[in-house]
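Below is one structure, written out as structure tokens; comments come after it.
Number of protein chains: 2
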Amino acid sequence: MANTQSTKQEAPRRQTSARTPATRYAKGVARHGEILETAKRLFGEHGFRGTALRDIAAECGIAHSTLLHYFPTKQSLLMAVLAERDERARSESEHLERLDDILDFTRRIATTQGTDPGMIELTTKMMAEATDPAHPAHDFYKARSAQLVDNLTRLLEHAKQRGFLREGVDPRRASQGFFALRDGAQLQWLLDPASIDVPELLVWYQRSLFTEDDS
Amino acid sequence: MANTQSTKQEAPRRQTSARTPATRYAKGVARHGEILETAKRLFGEHGFRGTALRDIAAECGIAHSTLLHYFPTKQSLLMAVLAERDERARSESEHLERLDDILDFTRRIATTQGTDPGMIELTTKMMAEATDPAHPAHDFYKARSAQLVDNLTRLLEHAKQRGFLREGVDPRRASQGFFALRDGAQLQWLLDPASIDVPELLVWYQRSLFTEDDS
DNA sequence: CCTACCGATCGGTAGG
DNA sequence: CCTACCGATCGGTAGG
Numbered sequence: 089m090a091n092t093q094s095t096k097q098e099a100p101r102r103q104t105s106a107r108t109p110a111t112r113y114a115k116g117v118a119r120h121g122e123i124l125e126t127a128k129r130l131f132g133e134h135g136f137r138g139t140a141l142r143d144i145a146a147e148c149g150i151a152h153s154t155l156l157h158y159f160p161t162k163q164s165l166l167m168a169v170l171a172e173r174d175e176r177a178r179s180e181s182e183h184l185e186r187l188d189d190i191l192d193f194t195r196r197i198a199t200t201q202g203t204d205p206g207m208i209e210l211t212t213k214m215m216a217e218a219t220d221p222a223h224p225a226h227d228f229y230k231a232r233s234a235q236l237v238d239n240l241t242r243l244l245e246h247a248k249q250r251g252f253l254r255e256g257v258d259p260r261r262a263s264q265g266f267f268a269l270r271d272g273a274q275l276q277w278l279l280d281p282a283s284i285d286v287p288e289l290l291v292w293y294q295r296s297l298f299t300e301d302d303s
Numbered sequence: 089m090a091n092t093q094s095t096k097q098e099a100p101r102r103q104t105s106a107r108t109p110a111t112r113y114a115k116g117v118a119r120h121g122e123i124l125e126t127a128k129r130l131f132g133e134h135g136f137r138g139t140a141l142r143d144i145a146a147e148c149g150i151a152h153s154t155l156l157h158y159f160p161t162k163q164s165l166l167m168a169v170l171a172e173r174d175e176r177a178r179s180e181s182e183h184l185e186r187l188d189d190i191l192d193f194t195r196r197i198a199t200t201q202g203t204d205p206g207m208i209e210l211t212t213k214m215m216a217e218a219t220d221p222a223h224p225a226h227d228f229y230k231a232r233s234a235q236l237v238d239n240l241t242r243l244l245e246h247a248k249q250r251g252f253l254r255e256g257v258d259p260r261r262a263s264q265g266f267f268a269l270r271d272g273a274q275l276q277w278l279l280d281p282a283s284i285d286v287p288e289l290l291v292w293y294q295r296s297l298f299t300e301d302d303s
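Sequences listed follow chains A and B, in order.
Counted from 1, the first sequence has number 177 at position 89 by the numbering used here; the numbering is strictly sequential.
Counted from 1, the second sequence has number 130 at position 42 by the numbering used here; the numbering is strictly sequential.
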């Protein structure tokens, strides 16, 4: 495992029994990431309230008090998980400035399902749990949902101006409909994965919005 | 409270300090219903796992052990809540045999939102919580969702044979889409009631499925 | 319908 | 990174 030392390209260090600061740091970072990944998965499977810190810690092979060394409270762990998830989503939607990508936008969101089912599971279940106003992630998802709808609405408005939208399609309503369809379909998929093809359903919805000029 | 005795139409009973069996029975039934209503509301607000029996009992003015006299386990209380909710929904969809009602079907489902928001809140939140396979209501919602989709699919197939559906509308996909849209919209509505008009969104979706021959 | 209690579990802390 | 512990809370039971 520590074979990276075997090259000995650097000046030899003191061979004490204590690990070097660099090693300890790297190990800490790895633990940090391991906890995050495990938390992401378990929060997705059992929800935030349904997951105990002891469960996450056990899967990482540490005591739960050790986990609290990396994340001082359970809520801080949740926020870290949401921030990581959000950062990835943000970078995805960042390069959607060009209107050419609108058709591709929903398709990309749709196919994310296959890319990282764990992320989808987390997002959907946490959002559902966060409908409780007392839930620590309530404000996060409230703001996030509004932002998503607003972004897609803006894209659809531009598309409408260029004549890409079918008659009678209201940008805001269509945007709300897209995310409602996505979240509802994912809920159904979580209940019974074999019962529904989420990407296919979303692509079908998307096609019903645009005029038939995709080559 | 016990004024039903004042009519004295029956033979006079012994006037002991103990209440009559009839009175006790009526009181028990009332308690039973009171607990059910309170549980429905609190499960809707905080979910099943997020609601303690002590909270429900406290709102009914009894000890939590007294609640367990009426419902021996927490899960049995949940099942009673779901059964009552399901019975009402079943009687609603019972008289949908006639195909004339299809257009009205989704509209009825849509406007239920305004009729009993508590019921909607309960259904949506419990369904979301039940995506956890370990949740006691998992099988219930899995079966229930499939049944709803199947029922609407059948109605849409009949409508399609009669030429009521737009071209390219697949009954099954449209049915899945309807319930996905409903559940996702209700999720959004729970997060922020002011952000979305669920009935309006569902009626709009419904119109996109049928040909324009509604008077 | 209550008091009193059980064992289990929770998030978090102390102290090393 | 651990053991040991805290106070709080949980669903459920005993016994009246």
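Heads up, the beta-carbon is just placed ideally off N, CA and C, and yes, glycines get one too.
Anticipated Cβ contact below 8 Å, residue i with residue j, distance rounded
i	j	result
V237 of chain B	L297 of chain B	About 14 Å separates the two Cβ atoms, so there is no contact after all.
E172 of chain B	L124 of chain B	6 Å
L269 of chain A	L269 of chain B	5 Å
Candidates the options: closest to residue i by CA position
i	options	result
R178 of chain B	B:S153, B:P205, B:R232 and B:L130	B:R232
F266 of chain A	A:V291, A:D280 and A:G251	A:V291
A140 of chain A	A:M215, A:H246 and A:T161	A:T161
F131 of chain A	B:D280, B:A118, B:S283 and B:E217	B:E217
L166 of chain A	A:M214, A:I150 and A:V117	A:M214
L305 of chain B	A:A114, A:T199, A:T219 and A:T212	Since the first residue of chain B shown is 89 and the last is 303, residue 305 of chain B is not available in this structure.
L279 of chain A	B:R119, B:E255 and B:A234	B:A234
F159 of chain B	B:A127, B:G135 and B:H134	B:A127
L244 of chain A	A:F228, A:Q264 and A:G116	A:Q264
F228 of chain A	A:G116, A:R129, A:T203 and A:L170	A:L170
G121 of chain A	A:A168, A:S153 and A:A151	A:A168
Rounded separation between residue i and residue j - CA only
i	j	result
D143 of chain B	A146 of chain A	31 Å
L253 of chain B	I208 of chain B	28 Å
P281 of chain A	K230 of chain A	26 Å
L275 of chain A	A225 of chain A	18 Å
E288 of chain A	R261 of chain A	21 Å
Q294 of chain B	I197 of chain B	11 Å
R137 of chain A	D271 of chain B	22 Å
A114 of chain A	G149 of chain A	17 Å
R250 of chain B	L156 of chain B	53 Å
R119 of chain A	A222 of chain B	28 Å
G135 of chain A	T299 of chain B	42 Å
D285 of chain B	P205 of chain B	13 Å
T154 of chain A	T212 of chain A	29 Å
E133 of chain A	T199 of chain A	21 Å
G116 of chain B	S164 of chain B	17 Å
H246 of chain B	P259 of chain B	9 Å
S283 of chain B	R129 of chain A	30 Å
A273 of chain B	A273 of chain A	11 Å
R242 of chain A	T203 of chain B	33 Å
Test: residue i CB closer than 8 Å to a CB of chain B
i	result
M207 of chain A	no
A234 of chain A	yes
F131 of chain A	no
L244 of chain A	no
T271 of chain A	Before going on, a small fix: residue 271 of chain A reads as Asp here, not Thr. So yes, D271 of chain A belongs to the interface.
L289 of chain A	yes
H157 of chain A	no
T299 of chain A	no
Chain B contact residues for residue i, given Cβ-Cβ distances below 7 Å
i	result
T219 of chain A	K213, L275, L278 and L279
Cβ of residue i within 8 Å of any chain A Cβ
i	result
Q264 of chain B	yes
D204 of chain B	no
A268 of chain B	yes
Y293 of chain B	yes
A216 of chain B	yes
R137 of chain B	yes
R261 of chain B	yes
H152 of chain B	no
Chain-ordered neighbours of residue i on chain A, where CB pairs are closer than 8 Å
i	result
R173 of chain B	The premise fails here: R173 of chain B is roughly 17 Å from chain A at the closest Cβ pair, so nothing lies under 8 Å.
Proximal chain B residues relative to residue i, where beta-carbon distance stays under 9 Å
i	result
K230 of chain A	L279, D280 and S283
G121 of chain A	None at all; the shortest Cβ gap to chain B is about 25 Å.
Under 7 Å by beta carbon: chain A residues contacting residue i
i	result
A140 of chain B	Within chain A, no residue comes near A140 of chain B; the closest Cβ sits about 12 Å away, beyond 7 Å.
S296 of chain B	S296
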